[in-house]
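Trainee:
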Amino acid sequence: MRCASIRRRLSAWMDGGLSPAAARAVSAHLDTCEACARRLAELRGVSELLGELPRLEAPESIAQDVLTRLEVETRGPGLGMLLRRFGAARPFIMPSLVPAALVLVTVLSAALALDSGDRTRLPGSIASWGVIPARGTESNPVFPSAGVGLPRERDGGRLDEEVLLAGFGGGTLFVETVVARDGTVSTVTVLEGDAERAGPLLDALRQQRYEPARYRGRPVAISLYRLISHTDVSLPKI
Amino acid sequence: MSVGEIPLEAAGRATGRAADVVLVARCRRGEPEAFSRLVALHEGMVFNLAARLLGDGEEARDVAQNVFLHVYRKLGQFEGRSTLRTWIYRITVNQCHNRRRWWKRRHKDKEEPLDDLATGPNAVFLADRRPESSPYDQTRRSERARRVQRALLQLSFDHRAVVVLFEIEGQSCAAIADALGIATGTVKSRLARAREALRKRLSDVVGEDGQS
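So the sequences go chain by chain: A and B.
In case it helps, our numbering puts the first sequence at residues 95 to 332.
In case it helps, our numbering puts the second sequence at residues 454 to 665.
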């Protein structure tokens with residue numbers, strides 16, 4: 095065998111890992127080849143150096159740290175105890191939820207704290223709307239529709255035509271009247287026309303009394319609209 | 454008698470694989486003292502192996518803790534086909550391998566690789582503490598051990614794992630193959646290459662003090 099072939103087998107030869115025939119061939123070569131014998135001595139020297147290395151020891155016992163960590167895992171913070179069987183498969187999951195939740199709370203708190211300063215509110219933004227009153231109240235009356243029972247004028251509450259004509263100063267008037275849940279008129283608003291000239295008419299409208307409008311059996315406030323012109327004064331058919 | 458019925462006293466008398474089986478059975482039954490004994494029996498080996506593979510005492514200590522936590526969680530999967538020691542070797546090598554990959558990812562922008570930490574502030578303790586040595590001999594042996602450790606850390610991780618398990622831990626090629634999940638032939642070839650690489654790097658050290 096050539097030296098290169100022998101040298102490839104020296105490691106296995108040292109460990110007794112060659113077949114008997116191969117081992118004999120290597121041994122025979124080493125008896126006659128000084129260079130390969132020197133190479134073997136160097137490899138043995140490396141093994142001896144490695145074998146002489148001191149065993150490294152941890153400065154403190156690892157066991158105590160391991161047992162402490164295991165105790166924390168198995169005892170676990172609250173949630174881990176509740177879901178012990180589930181958490182037992184991966185003990186670190188449950189304890190890790192708690193710091194994760196704490197981090198989440200901290201981040202959210204910080205975000206809210208940083209965001210609490212004054213800021214310019216855009217007109218019409220949701221923040222400027224405030225609280226929307228309940229539907230069917232005087233502040234948010236319903237509109238006449240199929241499901242709403244319209245208010246009826248009570249006896250004596252009907253608007254006298256003479257008053258109407260006397261109070262109307264001429265021109266065209268478009269008026270919104272809100273009939274409250276108790277049958278009174280809570281609001282009269284001139285949407286179009288001369289409100290000053292129509293003052294007496296508006297006062298008369300405010301004095302009207304109704305049987306309140308009803309929605310699903312309960313009284314609701316409702317908006318009524320009237321269009322009045324100087325040539326034709328009439329109440330809408332309601 | 455089933456494993457679960459083995460009396461506790463048997464653990465003290467049993468040896469080898471039988472001792473492993475008893476110890477593992479006791480650990481599975483939730484006996485803290487059994488797991489304490491398991492850790493005490495193997496912590497030195499685990500730390501030494503991790504320190505030789507990583508070259509850093511702090512890292513080795515951290516890895517050793519993780520190894521035993523892993524052992525505790527996976528005890529149910531230990532089937533006794535290999536020895537407990539071989540099983541723990543496998544876990545240790547895997548943990549060290551993972552730690553190195555993690556370390557490289559975290560510090561990839563640095564030029565200093567983990568291997569060079571053998572000479573840094575967290576270097577493993579390499580001093581020879583044999584009481585009969587003179588201070589001069591202790592210093593010389595310590596320096597030589599440092600050189601050998603540096604040479605070890607210059608090997609690839611796969612070659613280093615094989616040579617440390619064989620030359621330092623004294624495991625057979627078959628046991629190493631079992632621990633690393635590779636063929637025995639692969640262990641032998643890695644061992645040969647590792648020895649050859651170390652021979653070249655330590656040529657000036659070999660022969661000192663009557664080294665052959």
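We treat Cβ as the ideally placed atom computed from N, Cα and C, and that holds for glycine.
1) Quick one: what's got a C-beta closer than 8 Å to V617 (chain B)'s C-beta in the same chain, skipping five residues either side?
2) Helix, strand or coil: how does DSSP classify E622 (chain B) here?
3) Apart from the five residues on each side of it in sequence, which residues of its chain come closer than 7 Å, Cβ to Cβ, to L579 (chain B)?
4) The alpha helix (DSSP H) spanning A117 (chain A) covers which residue range?
5) Would you list the one or two residues that DSSP bridges to T271 (chain A)?
6) Which residue or residues does DSSP assign as beta-bridge partners of E247 (chain A)?
7) Can you tell me which of the three DSSP states T536 (chain B) falls into?
8) Does the pairing of the region 225–240 of chain A with the region 309–320 of chain A give three or more beta-carbon distances under 8 Å?
9) Nearest-angstrom Cα distance between F268 (chain A) and T200 (chain A)?
10) For a contact defined as C-beta to C-beta under 9 Å, what are the partners of R652 (chain B) on chain A?
11) Tell me which residues share the same chain as L287 (chain A) and place their Cβ nearer than 7 Å to its Cβ, disregarding the 5 neighbours each side in the sequence.
12) Alpha helix (DSSP H) containing D276 (chain A): first to last residue?
13) Sorted by chain position, which residues of the same chain lie with C-beta nearer than 8 Å to I541 (chain B)'s C-beta, five sequence neighbours on each side aside?
14) Alpha carbon to alpha carbon, what distance is there between L202 (chain A) and E305 (chain A)?
15) Would you mind sorting C626 (chain B) into buried or exposed? The rule is 16 or more other CB atoms within 10 Å of its CB.
16) DSSP three-state call for L651 (chain B): helix, strand or coil?
17) Using a Cβ-Cβ cut-off of less than 7 Å, list which residues of the region 514–537 of chain B approach chain A; keep chain order.
18) Using a Cβ-Cβ cut-off of 6 Å (strictly less than) and excluding sequence neighbours within five positions of R559 (chain B), which residues of its own chain qualify?
19) Just to make sure I have the definition right: I need the residues of chain A whose C-beta is within less than 9 Å of the C-beta of L655 (chain B). Which are they?
20) Give every residue of the same chain whose Cβ lies closer than 7 Å to the Cβ of T488 (chain B), excluding the five residues on either side of it in the sequence, and list them in chain order.
Mentor: Per the coordinate set shown:
1) For this step, residue 617 (chain B) is matched to residue 164 along the second sequence. Excluding five sequence positions before and after V617 (chain B), the CB atoms of its chain that fall closer than 8 Å to its own CB belong to L502, R505, L506, L605, given in chain order.
2) By one-based count along the second sequence, residue 622 (chain B) stands at place 169. Reduced to three states, the DSSP call for E622 (chain B) is coil.
3) Working through the second sequence from its first residue, we reach residue 579 (chain B) at position 126. In this predicted model, L579 (chain B) has a pLDDT of only 48, less than 50, meaning its place in the structure is not dependable enough to derive any value.
4) Residue numbering aside, residue 117 (chain A) sits at position 23 when the first sequence is read from its first letter. Start and end: 114–126.
5) Position 177 of the first sequence, counted from the start, is the residue given in the question as residue 271 (chain A). DSSP lists A:V282, A:L318 as the beta-bridge partner residues of T271 (chain A).
6) Within the first sequence, residue 247 (chain A) is the residue found at index 153, counting from 1. Paired residue(s): A:Y304.
7) Translated into positions along the second sequence, residue 536 (chain B) becomes position 83. DSSP, read as helix, strand or coil, puts T536 (chain B) in coil.
8) Contact annotation: the region 225–240 of chain A touches the region 309–320 of chain A, with at least three C-beta pairs closer than 8 Å.
9) Translated into the one-based positions of the first sequence, residue 268 (chain A) becomes position 174. Translated into the one-based positions of the first sequence, residue 200 (chain A) becomes position 106. For the pair F268 (chain A) and T200 (chain A), the Cα-to-Cα distance works out to about 58 Å.
10) Taking the first residue of the second sequence as 1, we reach residue 652 (chain B) at position 199. What R652 (chain B) touches in chain A, judged by beta-carbon distance under 9 Å, is R133, E136, L137, G139, V140, going in chain order.
11) Here the question's residue 287 (chain A) lines up with position 193 in the first sequence. Checking the sequence, you will find Gly at residue 287 (chain A) rather than Leu. If we look at G287 (chain A) and ignore the five residues flanking it on each side, its Cβ neighbours are G265, T266, L267, F268.
12) Numbered from 1 along the first sequence, position 182 holds the residue referred to as residue 276 (chain A). Note, D276 (chain A): premise wrong, no alpha helix (DSSP H); not H, not E.
13) Taking the second sequence and counting its residues from 1, one reaches residue 541 (chain B) at position 88. Closer than 8 Å at the Cβ level, and outside the excluded window around I541 (chain B), lie H495, M498, V499, V520, V524.
14) Your numbering for residue 305 (chain A) matches position 211 in the first sequence. Your numbering for residue 202 (chain A) matches position 108 in the first sequence. One C-alpha to the other measures close to 53 Å.
15) Here residue 626 (chain B) refers to the residue found at position 173 of the second sequence. Taking every protein chain shown into account, the CB of C626 (chain B) has 16 or more other CB atoms within 10 angstroms, so this residue is buried.
16) Position 198 of the second sequence holds residue 651 (chain B). In the structure shown, L651 (chain B) sits in a helix (DSSP, three-state: H, G or I).
17) So the close ones are R514, A517, Q518, F521, L522, Y525, R526.
18) Here residue 559 (chain B) refers to the residue found at position 106 when the second sequence is read from its first residue. So the list is empty, once near-sequence residues are dropped.
19) Position 202 of the second sequence holds residue 655 (chain B). Here the neighbours are E136, G139, V140, L143.
20) Here residue 488 (chain B) refers to the residue found at position 35 of the second sequence. Sequence inspection shows Phe at residue 488 (chain B); the Thr mentioned does not correspond to that position. Answer for F488 (chain B): C480, Y525, listed in chain order.
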